[in-house]
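Chemist: Taken in sequence, the protein lines are chains P and Z. Count the first sequence with numbering that gives the first Met the number 0 and you get residues 0 to 465, in order. Count the second sequence with numbering that gives the first Met the number 0 and you get residues 0 to 465, in order. Beta carbons: idealized from backbone N, C-alpha and C, even for Gly. Predicted, not measured: the structure shown is a model, and the values here were computed from it.
Number of protein chains: 2
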Amino acid sequence: MSLPFKKIRSIVGNENILTLPEDLSCYSFDASKMRFVPEGVAFPADAAEISSLVRLANEHRFPVFPRGAGSGMVGACLARGGLAIVTNRLNAILEIDVDNMTAVVEPGVVTGDFQKAVAKFGLFYPPDPASLAFSTIGGNVAMCAGGPRAVKYGVTRDYLLGLEMVLPTGEIIRTGTRTMKGVVGYDLTRLMAGSEGTLGIFTKIILRLIPAPESVRTMTAAFSDLDQAVSAICGILRARIIPSTLELMDQTTISVVENHLRIGLPVAAQALVLIEVDGPEAILDAQVAAIEKVCQKSGADRIEAARSEAERNRLWQARRSISPALGRIRPGKINEDVTVPRTKIPELVRSIAALAKKYDLTIVCFGHAGDGNIHTNIMLDRRDESERRRAGKAVEELFAIVLGLEGTLSGEHGVGIAKSPFIELEVGAGGLDAMRKIKHALDPLNIMNPGKMFVPDRSFLDGSFV
Amino acid sequence: MSLPFKKIRSIVGNENILTLPEDLSCYSFDASKMRFVPEGVAFPADAAEISSLVRLANEHRFPVFPRGAGSGMVGACLARGGLAIVTNRLNAILEIDVDNMTAVVEPGVVTGDFQKAVAKFGLFYPPDPASLAFSTIGGNVAMCAGGPRAVKYGVTRDYLLGLEMVLPTGEIIRTGTRTMKGVVGYDLTRLMAGSEGTLGIFTKIILRLIPAPESVRTMTAAFSDLDQAVSAICGILRARIIPSTLELMDQTTISVVENHLRIGLPVAAQALVLIEVDGPEAILDAQVAAIEKVCQKSGADRIEAARSEAERNRLWQARRSISPALGRIRPGKINEDVTVPRTKIPELVRSIAALAKKYDLTIVCFGHAGDGNIHTNIMLDRRDESERRRAGKAVEELFAIVLGLEGTLSGEHGVGIAKSPFIELEVGAGGLDAMRKIKHALDPLNIMNPGKMFVPDRSFLDGSFV
Numbered sequence: 000m001s002l003p004f005k006k007i008r009s010i011v012g013n014e015n016i017l018t019l020p021e022d023l024s025c026y027s028f029d030a031s032k033m034r035f036v037p038e039g040v041a042f043p044a045d046a047a048e049i050s051s052l053v054r055l056a057n058e059h060r061f062p063v064f065p066r067g068a069g070s071g072m073v074g075a076c077l078a079r080g081g082l083a084i085v086t087n088r089l090n091a092i093l094e095i096d097v098d099n100m101t102a103v104v105e106p107g108v109v110t111g112d113f114q115k116a117v118a119k120f121g122l123f124y125p126p127d128p129a130s131l132a133f134s135t136i137g138g139n140v141a142m143c144a145g146g147p148r149a150v151k152y153g154v155t156r157d158y159l160l161g162l163e164m165v166l167p168t169g170e171i172i173r174t175g176t177r178t179m180k181g182v183v184g185y186d187l188t189r190l191m192a193g194s195e196g197t198l199g200i201f202t203k204i205i206l207r208l209i210p211a212p213e214s215v216r217t218m219t220a221a222f223s224d225l226d227q228a229v230s231a232i233c234g235i236l237r238a239r240i241i242p243s244t245l246e247l248m249d250q251t252t253i254s255v256v257e258n259h260l261r262i263g264l265p266v267a268a269q270a271l272v273l274i275e276v277d278g279p280e281a282i283l284d285a286q287v288a289a290i291e292k293v294c295q296k297s298g299a300d301r302i303e304a305a306r307s308e309a310e311r312n313r314l315w316q317a318r319r320s321i322s323p324a325l326g327r328i329r330p331g332k333i334n335e336d337v338t339v340p341r342t343k344i345p346e347l348v349r350s351i352a353a354l355a356k357k358y359d360l361t362i363v364c365f366g367h368a369g370d371g372n373i374h375t376n377i378m379l380d381r382r383d384e385s386e387r388r389r390a391g392k393a394v395e396e397l398f399a400i401v402l403g404l405e406g407t408l409s410g411e412h413g414v415g416i417a418k419s420p421f422i423e424l425e426v427g428a429g430g431l432d433a434m435r436k437i438k439h440a441l442d443p444l445n446i447m448n449p450g451k452m453f454v455p456d457r458s459f460l461d462g463s464f465v
Numbered sequence: 000m001s002l003p004f005k006k007i008r009s010i011v012g013n014e015n016i017l018t019l020p021e022d023l024s025c026y027s028f029d030a031s032k033m034r035f036v037p038e039g040v041a042f043p044a045d046a047a048e049i050s051s052l053v054r055l056a057n058e059h060r061f062p063v064f065p066r067g068a069g070s071g072m073v074g075a076c077l078a079r080g081g082l083a084i085v086t087n088r089l090n091a092i093l094e095i096d097v098d099n100m101t102a103v104v105e106p107g108v109v110t111g112d113f114q115k116a117v118a119k120f121g122l123f124y125p126p127d128p129a130s131l132a133f134s135t136i137g138g139n140v141a142m143c144a145g146g147p148r149a150v151k152y153g154v155t156r157d158y159l160l161g162l163e164m165v166l167p168t169g170e171i172i173r174t175g176t177r178t179m180k181g182v183v184g185y186d187l188t189r190l191m192a193g194s195e196g197t198l199g200i201f202t203k204i205i206l207r208l209i210p211a212p213e214s215v216r217t218m219t220a221a222f223s224d225l226d227q228a229v230s231a232i233c234g235i236l237r238a239r240i241i242p243s244t245l246e247l248m249d250q251t252t253i254s255v256v257e258n259h260l261r262i263g264l265p266v267a268a269q270a271l272v273l274i275e276v277d278g279p280e281a282i283l284d285a286q287v288a289a290i291e292k293v294c295q296k297s298g299a300d301r302i303e304a305a306r307s308e309a310e311r312n313r314l315w316q317a318r319r320s321i322s323p324a325l326g327r328i329r330p331g332k333i334n335e336d337v338t339v340p341r342t343k344i345p346e347l348v349r350s351i352a353a354l355a356k357k358y359d360l361t362i363v364c365f366g367h368a369g370d371g372n373i374h375t376n377i378m379l380d381r382r383d384e385s386e387r388r389r390a391g392k393a394v395e396e397l398f399a400i401v402l403g404l405e406g407t408l409s410g411e412h413g414v415g416i417a418k419s420p421f422i423e424l425e426v427g428a429g430g431l432d433a434m435r436k437i438k439h440a441l442d443p444l445n446i447m448n449p450g451k452m453f454v455p456d457r458s459f460l461d462g463s464f465v
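(1) Should the stretch 133 to 153 of chain P be called in touch with the stretch 109 to 119 of chain P, which here means at least 3 C-beta pairs below 8 Å?
(2) Per DSSP, P65/P is paired with what?
(3) Using only CA atoms, which one of L198/P, L160/P, R177/P lies nearest to T168/P?
(4) Counting along the chain, where does the beta strand (DSSP E) carrying C364/P start and finish?
(5) Would you say K6/Z faces chain P, with C-beta separation under 8 Å as the test?
(6) Could you tell me the alpha carbon to alpha carbon distance between A149/Z and Y26/P, rounded to whole angstroms?
(7) Report buried or exposed for G193/Z, applying the criterion of at least 16 other Cβ atoms within 10 angstroms of its Cβ.
(8) Grab me the residues of S1/P's own chain with a C-beta within less than 6 Å of its C-beta, minus the 5 sequence neighbours each way, in chain order.
(9) Taking the straight line between their C-alpha atoms, what separation do you get for Q479/P and R381/P?
(10) Kindly confirm or deny that the stretch 210 to 230 of chain Z and the stretch 438 to 446 of chain P touch, where touching means at least three C-beta pairs closer than 8 Å.
(11) For Q295/Z, is the classification buried or exposed, using 16 other Cβ atoms within 10 angstroms of its Cβ as the cut-off for buried?
(12) Does the beta carbon of M218/Z come closer than 8 Å to any beta carbon on chain P?
(13) Using a Cβ-Cβ cut-off of less than 9 Å, give me the residues of the stretch 336 to 352 of chain P that come near chain Z, in sequence order.
(14) What's the gap between the Cα of T252/P and the Cα of F365/P?
(15) Give me the subset of the stretch 179 to 195 of chain P whose CB atoms are less than 9 Å from a CB atom of chain Z, sorted by chain position.
(16) Could you work out which residue in L271/P, V40/P, F35/P is closest to V11/P when comparing CA atoms only?
(17) Between the stretch 402 to 416 of chain P and chain Z, which residues of the former have CB atoms less than 9 Å from a CB of the latter, in chain order?
(18) Between which two residues does the alpha helix (DSSP H) harbouring R387/P extend?
(19) Assess contact between the stretch 414 to 431 of chain P and the stretch 347 to 354 of chain P, defined as three or more Cβ pairs (one per stretch) separated by less than 8 Å. Is contact present?
(20) Along the stretch 91 to 121 of chain Z, what residues have a CB closer than 8 Å to any CB found in chain P?
(21) Going by the beta-carbon positions, is the gap between I205/P and T101/P smaller than 8 Å?
(22) In angstroms, rounded to a whole number, what distance separates the CA positions of G67/Z and A288/P?
(23) For S463/P and V36/P, what's the separation of their Cα atoms in angstroms?
(24) Please classify M179/Z: does DSSP put it in a helix, a strand, or coil?
(25) Could you say which of I209/P, V414/P, E38/P lies nearest to P20/P if we only look at CA atoms?
(26) Between the Cα of R49/Z and the Cα atoms of G415/Z, E163/Z, I241/Z, which residue gives the shortest distance?
(27) What are the start and end residues of the alpha helix (DSSP H) that includes D112/P?
(28) Have a look at the DSSP bridge pairing and note the partners of I204/P.
(29) To the nearest angstrom, how far is it from the Cα of V465/Z to the Cα of I92/P?
(30) Have a look at M191/P and W315/Z and give me their C-alpha separation to the nearest angstrom.
(31) Going by the DSSP bridge assignment, what does M378/Z pair with across the sheet?
(32) Cβ closer than 8 Å: which chain Z residues qualify as neighbours of T176/P?
(33) For G263/P, count the other beta carbons within 10 Å of its own beta carbon; 16 or more makes it buried, fewer makes it exposed. Which is it?
(34) In three-state DSSP terms, what is N57/Z?
(35) From R388/P to I333/P, what does the alpha carbon distance come to, in whole angstroms?
(36) Which of the residues in the stretch 277 to 288 of chain Z, read from start to end, lie with their CB under 7 Å from any CB of chain P?
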């Protein structure tokens, strides 16, 4: 179908709509590397314009696809025809309230910029998805973004207090509060966190802030056995220390990164754990000593603690180099962010090693061990049809393993298109039915971000990639 | 209508159903002191029986009213005819997983008992509603219970990871995860927190735990001016110290309690603040010193720090004695738990003092100042019709004041029957409509806890009290 461009132009203005193929192409992908081309891309200025666009969409029955920075991992923002609505013009930090430790932002504010803005007041917005230098708060809320700090600080939903939003039928509503407490009516605010642009387009976001931690300490520990690493992780938490970072690299990851960097990583180790603690300066040395003791007791081979910012950067270098290093071993990857209770990490990583062997694949595991969120990268060359098919089978088996370990298919990336064939495995027929009913109640014409979450779509596994 | 008792008996067994007026009477009220009598009270054993009861209700079109310990403040559990479903037989702590810091409980577990059970493992479940000695986790989740510790630790929703529940149409579903992260589908788990028994009956609850804090310090500070007290509270938080308790008593409260206890409270003070910090022993003395400095700088008249458990109990005695003391000055009260951004507390408390004068009422303000949750008790004798009418007017004006201060009508008590006439004032027509649509989508026959939240009911203001 063709969009009513004349009416769309009259809402957003001529200069805020794209329709040329070469322009549309720039908005046809996200970090999933899937590709779908919208018919038009609109850049509304405010909530009123978004509301008008959505009402027009209901009237003319065309789909709208909310889009932030396009950094999502599962194709949740991809426009399959219809109108992409990009929120990047709504990019003001409207308010930072130091005494109440809250902020009000528009959805197009870049997460990293926001963190810097609040840091000037000694405040801290903890969620730290890897994309934070370019991803926006609106997208972070829509996907309920996480990051390494979640083990101590939680995820985006834990800092979300309220919203102004445009519903799929065009009404503008306000949800939530400016306070930590608030129980008037259903919690629409938290329902929206992770709703992936299917239930509304956010136009203002009220966020909770916390005091910035005074200091930080960084260390790494290498283990010749995965169980030892996880025993150390649990031991640290049992010692009442909650690190702000507890990142794990498995043996394959260590090797891949060492081949890339040549910095003397312990390639024989089965696990390398990066640990960071933050908080009052007065307690950190004692915490580092306690962590060293726990790691030694668990059988760590090598423990390094940074004594300077330069050393800290060196310890982080391996973790930060994983993605570029992976790019060198294979042109493509399927990046799953499965999550299991942390004690089950050894079983998960071992099962994945067995899968890699079974399907003759390289699978690299690393990620947020403190909260059990293990990024599982199945390396592949998508031009190799056999490899692609084997990878697809490995993904399906991986999901069965994860659910068997009482885990979740996605800790922080979401469903979008990529995981839509598998959602029912986790939430069950009854859960999926309840979700569909909510979707239908708020979006009876299925106008907002259709084809995501609920519609099993195997295109992610079968091709159609940039 | 008459309930199909024969079928109900066949589901729960003869010994698990009450029908005699004198028995029903015991289940006709909650802490709101409103009174409505159910036709029957059922005590199912498990999720399957609850599911059967709910399916029967859909078939025979009778309402069901989920009920925990009946300690709610707004009548949310009251059964107006129909069948009360009491969850107290589902009272097992099914699992405490020390290494993953999670627990699985049934809804009938008493919150205080659960806290003691996890404390044995060095773990901590922070939510601490005043009713915790008898209220149950199921009710706490349904109402999203808070408490004094919320300023540092958050509320029930912040510890809720997943649910097993019976939907209003009888299906048993599982929601959420056992991990901090999890973004597969809509967040039904958090939608249920605070849904007040209108969207489902919980049968299993997965909770997040944290390490127990090592130590605690308690102190009080008296101020001759409200602004000074709030400036001190903001100053403490600006100094990067987040107390686990920041309780405020206004001048009326101090007088009422002193008249009751005669322990030498500073009756001339405009505000008495109870402050507690917890965490690693190594930092607490420095935090107490820093807090003293902030309080002095803000103009505190008298600062006391507990040096022993006995002294700590003495400092808490005033706070704990508020409710019994209030009972001595007037037989009844309307207890509102309005919440405003904390910097607006002075304006709120002064406006309330003006209201008290205008309507010739005694209004007592105290509560959780750190998160702006001020319990506003309008004292009254319900037999005095004039006083009741004046109190009703004061409540309506109070709500307008609170919303004008960007606050919320309820921080932790909820809507139930008591606040149902006012919900639209806060959430707006569009917000209320979205909530009603969700309710209708999941409960098309309006079987589960009807007459709450969405149905304006002024009985709370007009009478019908025990």
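Modeler: A quick look at the data gives this:
(1) Yes: at least three Cβ pairs fall under 8 Å.
(2) Answer is I84/P.
(3) It is L198/P.
(4) Taken as a continuous stretch (DSSP letters only), the beta strand (DSSP E) holding C364/P covers 361 to 367.
(5) Closer than 8 Å: no.
(6) Looking at the two C-alpha atoms, the distance is approximately 43 Å.
(7) Counting Cβ neighbours within 10 Å, G193/Z comes out buried, since at least 16 surround it.
(8) Cβ within range, chain order: n/a, list empty.
(9) As displayed, chain P neither begins before 0 nor continues past 465, which places residue 479/P out of reach and without an answer.
(10) Pairwise C-beta distances place the stretch 210 to 230 of chain Z out of contact with the stretch 438 to 446 of chain P, as fewer than three of them are shorter than 8 Å.
(11) By the 10 Å Cβ count, Q295/Z comes out exposed.
(12) For M218/Z, not one C-beta of chain P is nearer than 8 Å to its own C-beta.
(13) Those would be D336, T338, V339, P340, R341, T342, K343, in chain order.
(14) Going by the C-alpha atoms only, they are around 7 Å apart.
(15) For the stretch 179 to 195 of chain P, residues whose beta-carbon sits nearer than 9 Å to a beta-carbon of chain Z comprise M179, K180, G181, V182, V183, G184, Y185, D186, L187, T188, R189, L190, M191, A192, G193, S194, E195.
(16) Looking at the Cα atoms, V40/P is the closest of the given residues.
(17) Within the stretch 402 to 416 of chain P, the residues whose Cβ lies closer than 9 Å to some Cβ of chain Z are E405, G406, T407, L408, S409, G410, E411, H412, G413, V414, listed in chain order.
(18) Per DSSP, R387/P belongs to the alpha helix (DSSP H) from 384 to 403.
(19) Under the Cβ criterion (8 Å, minimum of three pairs), the stretch 414 to 431 of chain P does not count as touching the stretch 347 to 354 of chain P.
(20) Under the 8 Å Cβ criterion, the stretch 91 to 121 of chain Z contributes D96, V97, D98, N99, M100, T101, G121.
(21) In contact: I205/P and T101/P (Cβ atoms closer than 8 Å).
(22) Cα to Cα, G67/Z sits roughly 46 Å from A288/P.
(23) Its pLDDT being 41, under 50, S463/P is placed unreliably in this model, and the value from its coordinates should be taken loosely. Spanning the two alpha carbons is a distance of roughly 11 Å.
(24) Coil at M179/Z, not helix or strand.
(25) Ranking I209/P, V414/P, E38/P by Cα distance to P20/P puts E38/P first.
(26) Sequence check: residue 49/Z is Ile here, not Arg. Taking only the C-alpha atoms, the option nearest I49/Z is E163/Z.
(27) 110 to 118 is the span of the alpha helix (DSSP H), which, as asked, contains D112/P.
(28) Bridge partners of I204/P: V104/P, L162/P.
(29) In this predicted model, V465/Z has a pLDDT of only 37, less than 50, meaning its place in the structure is not dependable enough to derive any value.
(30) Computed Cα separation, rounded: 40 Å.
(31) DSSP lists K332/Z, T361/Z as partners of M378/Z.
(32) Neighbours of T176/P on chain Z, chain order: T338, G406, T407.
(33) With fewer than 16 other Cβ atoms within 10 Å, it is exposed.
(34) Here N57/Z sits in helix by DSSP.
(35) The C-alpha of R388/P lies about 12 Å from the C-alpha of I333/P.
(36) Taking 7 Å as the Cβ-Cβ cut-off against chain P, the residues of the stretch 277 to 288 of chain Z that qualify are P279, A281, I282, A285.
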